[in-house]
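*Asks:*
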Amino acid sequence: MSFLSKVIEGFKATSLPTQEENISPELMQKIRSIQIKTSHMVTELMAGEYVSAFKGRGMEFNAVREYAPGDDVRLIDWNVTARMNQPFIKEYIEERELNIMLMVDVSSSGEFGSTGKFKNEISAEVASILAFAAIRNNDKIGLIVFSDKIEHYIPPKKGKAHVWNIIRTILNYQPEGRLTDLNLPLEYLLKIQKRKCIAFLISDFQATNYETNLKLARQKHDLVAISISDPRETDLPKLGLVHLRDAESGEILLIDTDDRVMTKLLTSHERGKRDNRKKLFHSIGVDTIEIDTGGSLVKPIIQYFKIREKRH
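Following the working numbering, the numbering of the sequence shown begins with 22 at its first residue and continues without gaps.
1) Under 8 Å Cβ to Cβ from Arg86, same chain only, skipping five residues before and after it: list those, please.
2) Go ahead and pull the three-state DSSP assignment for His242.
3) Can you find the residues in the same chain that come closer than 6 Å, C-beta to C-beta, to Ile52, ignoring five residues on each side of it along the sequence?
4) Once the 5 residues before and after Asp243 are set aside, which same chain residues still bring their CB inside 6 Å of it?
5) Please report the straight-line C-alpha distance between Ser54 and Phe167, rounded to a whole angstrom.
6) Helix, strand or coil for Val263 per DSSP?
7) Which one of Arg295, Arg104, Ile188, Phe326 has the shortest CA to CA distance from Thr229?
8) Is the separation between the beta-carbon of Ala154 and that of Ile191 shorter than 8 Å?
9) If you drop the 5 nearest sequence neighbours on each side, which residues of the same chain put their C-beta closer than 8 Å to that of Asn186?
10) Let's see if you can read the secondary structure: which residues bound the beta strand (DSSP E) around Glu172?
11) Which residues in the same chain have their Cβ closer than 7 Å to the Cβ of Asn234, if we skip the five residues on either side of it in sequence?
12) Could you say if the segment 243-255 and the segment 307-316 meet the contact criterion of at least three C-beta pairs nearer than 8 Å?
13) Whole angstroms are fine: how far does the CA of Gly91 sit from the CA of Ile97?
14) From this set, Lys179, Tyr88, His173, Ala182, which residue's C-alpha is nearest Gln195's C-alpha?
15) Between Gly131 and Ser144, which are expected to be in contact by the criterion C-beta below 8 Å, what is the C-beta distance as a whole number of angstroms?
16) Please report the distance separating the alpha-carbon of Lys179 from that of Met122.
17) Cutting at 8 Å between CB atoms, please list the residues of its own chain near Pro252, excluding the five before and the five after it.
18) Quick check: the Cα distance between Arg199 and Lys327, rounded to an integer number of angstroms?
19) Go ahead and pull the three-state DSSP assignment for Ser144.
20) What did DSSP end up calling Gly293 once you bin it into helix, strand or coil?
21) Excluding five sequence neighbours on each side, which residues of the same chain lie with their C-beta closer than 8 Å to the C-beta of Gln107?
22) With DSSP run on the structure shown, which of helix, strand or coil describes Val85?
23) For Leu222, does the count of other Cβ atoms within 10 angstroms reach 16, so buried, or fall short, so exposed?
Shown next, in the form of structure tokens:
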């Protein structure tokens, strides 16, 4: 069964929260909307196999047994061999359980959207879809919410109630900070997550100077960047004089969108930032999922799992 099919089966097998779980009608509507969108996409596209796309943490020691011809001599347990006066080897099994960490940017730059939804709404829904997957696949999942500070942290755990708590936090969170500091979640991940995990960094990546911590996090963890963008960031409409406000700094600029030179400078600058970011991720070995507010939420995720499955 494909990964997204498992997710949908998880939706069907998992009862919706009760009133006792303090889920508002508005939040319930958001959750149902995510379920419907995901179900629709899975009927149209096949997803990559979850087991193939994301292998477990590695090989875990299981037992020792007598050496047999053809066994890898590098696995010989020399202490046991010395005690028993005959060769014994260590036996390992693949550990399938995954630790998944969602790192979600809730800074004010996400308060932008020209297609009916803000970037931060898309981020929350994408994170919720990944959290839903944990219900079915029985993986541990945690959450780091950040802006220019670590806003909230939920340690990785299993269980339906735990996942509902993560989803409720993601969809309802009201941030204290306005700016973005991508170093903070990466540093925090390295501090609190000692064992290798799959870490999804969900952001519009408007911040800079986070390359060093990105490299360090990639060396220890399986890092996937999910970049959220809006089409108007690289394609300004002709609306004459408009006031553009930087959501994070509050700075307001007066722009003549009929001025082709001005709009070309602005859009070229944004495209340049995206190109440089892609080159950075590629050079470090960070996988990337690009999601546009005007496009599908699930299709890029499905395509990523397909590509990753082929690699493994």
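Cβ coordinates follow ideal geometry from the N, Cα and C atoms, glycine included.
*Replies:* In terms of the structure at hand:
1) Taking the first residue of the sequence shown as position 1, residue 86 is located at position 65. For Arg86, same chain residues with a beta-carbon under 8 Å away, outside a window of 5 residues either side, are Phe109, Ile110, Glu112 in chain order.
2) Counted from its first residue, the sequence shown places residue 242 at position 221. Coil.
3) Start at 1 with the first residue of the sequence shown, and residue 52 comes out as number 31. Answer for Ile52: no residue qualifies.
4) Residue numbering aside, residue 243 sits at position 222 when the sequence shown is read from its first letter. Counting only Cβ-Cβ distances below 6 Å, and skipping sequence neighbours, we find Ile219.
5) The residue given as residue 54 occupies position 33 in the sequence shown. The residue given as residue 167 occupies position 146 in the sequence shown. Answer to the nearest angstrom: the Cα atoms are 25 Å apart.
6) Residue numbering aside, residue 263 sits at position 242 when the sequence shown is read from its first letter. Reduced to three states, the DSSP call for Val263 is strand.
7) Indexing the sequence shown from 1 puts residue 229 at position 208. Taking only the C-alpha atoms, the option nearest Thr229 is Arg295.
8) Mapped onto the sequence shown, residue 154 falls at position 133. Mapped onto the sequence shown, residue 191 falls at position 170. Not closer than 8 Å, so no.
9) Here residue 186 refers to the residue found at position 165 of the sequence shown. So the list reads Ile175, once near-sequence residues are dropped.
10) For the purposes of this step, residue 172 is identified with residue 151 of the sequence shown, where counting begins at 1. 171-178 is the span of the beta strand (DSSP E), which, as asked, contains Glu172.
11) Within the sequence shown, residue 234 is the residue found at index 213, counting from 1. Excluding residues within five positions, the ones whose Cβ falls inside 7 Å are Asn204, Leu207, Glu208.
12) yes
13) Residue mapping note: residue 97 aligns to position 76 of the sequence shown, counting from 1. Residue mapping note: residue 91 aligns to position 70 of the sequence shown, counting from 1. So the alpha carbons of these two residues sit roughly 12 Å apart.
14) By one-based count along the sequence shown, residue 195 stands at place 174. If we check each option's Cα against that of Gln195, His173 comes out closest.
15) In the sequence shown, residue 131 corresponds to position 110, counting from 1. In the sequence shown, residue 144 corresponds to position 123, counting from 1. Yes, they are in contact, since the Cβ atoms of Gly131 and Ser144 sit about 6 Å apart, within 8 Å.
16) To locate residue 179, count along the sequence shown from 1; it is residue 158. To locate residue 122, count along the sequence shown from 1; it is residue 101. Here the alpha carbon of Lys179 sits roughly 12 Å from the alpha carbon of Met122.
17) Looking up residue 252 in the sequence shown gives position 231. Taken in chain order, the residues that qualify are Ser135, Thr136, Asp313, Thr314, Gly315.
18) Here the question's residue 199 lines up with position 178 in the sequence shown. Here the question's residue 327 lines up with position 306 in the sequence shown. Distance between the alpha carbons of Arg199 and Lys327: 36 Å.
19) The residue labelled residue 144 in the question sits at position 123 within the sequence shown. Three-state DSSP puts Ser144 in a helix.
20) Counting from 1 along the sequence shown, the entry for residue 293 is found at position 272. Looking at Gly293 - three-state DSSP - the assignment turns out to be helix.
21) Locating residue 107 in the sequence shown gives position 86, counting from the first residue. Closer than 8 Å at the Cβ level, and outside the excluded window around Gln107, lie Glu87, Tyr88.
22) For the purposes of this step, residue 85 is identified with residue 64 of the sequence shown, where counting begins at 1. The answer is strand: DSSP assigns Val85 an E or B state.
23) Counting from 1 along the sequence shown, the entry for residue 222 is found at position 201. Buried, by the Cβ-count rule.
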